[in-house]
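Numbering (our numbering), first residue to last: 2 to 239.
Glycine included, each C-beta is placed from N, C-alpha and C at the ideal position.
Following: one structure in structure tokens, then a few remarks.
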């Protein structure tokens, strides 16, 4: 199943990203179903699948299902998306395509999937760690730092940028600790300090400096504690 899935994913990457020029994308967005490039794009997926699957007629129905579903998903996306929801529809489009690929690959294998075996203790522990690093930590950070209010804290800043940066840095720290690369945390802290130094030196605002330092240390501390807790619990399960 894995080999077939990888082949299908490779064909998808070639068709959707490598062999689709920006001019085609713009034309499809403008003309919708009337764009000739929508059909060229579908044809490229067909050719990519046939070539990568080495003209194996066993997969004829699977290829047909993938190509037809790809056309329908793309057409629905073009009809429904707007400038405001374009990002959402991009990810939804890719998820739907991948689901189709996995379903087709599953249909061509003898592998039996039991839902009861899906949520293993290791997977549950991993999901808990991820949710702690993202949603839970973000809420904790907001609660802890809310006692200090900065004027114009969001001025000239991207919406929710600070929250996203915090989530990403905690995920990076988690990965570094799991891999035993503690030096990566030092590099991450240094990189963040360098980027923040310009803003802090220009503002000459001691409160802002302290605010950022407190937030950074709390974020790093939470990530380290969660990662170490995850490693310890994982060892107990094994």
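Measuring CB atoms only, is the stretch 58–66 touching the stretch 79–86, in the sense that at least three cross pairs come out at less than 8 Å?
no
If you draw a straight line from the alpha carbon of residue 52 to that of residue 11, how long is it in whole angstroms?
11 Å
Would you tell me roughly how many angstroms separate the C-alpha atoms of residue 138 and residue 107, rounded to the nearest one?
37 Å
Taking all protein chains shown into account, decide if residue 34 is buried (16 or more other Cβ within 10 angstroms of its Cβ) or exposed.
exposed
Start and end of the alpha helix (DSSP H) containing residue 9?
3–14
Hey, how far is the Cα of residue 190 from the Cα of residue 177?
12 Å
Residue 176: first and last residue of the uninterrupted alpha helix (DSSP H) it sits in:
162–179
Please report the distance separating the alpha-carbon of residue 167 from that of residue 220.
7 Å
Does DSSP classify residue 237 as helix, strand or coil?
helix
Contacting residues, own chain, Cβ-Cβ under 6 Å from residue 50 (five flanking each side not counted)
12 and 64
Is the CB-CB distance between residue 134 and residue 192 below 8 Å?
no
Taking buried to mean at least 16 other C-beta atoms within 10 Å of its own C-beta, is residue 29 buried or exposed?
buried
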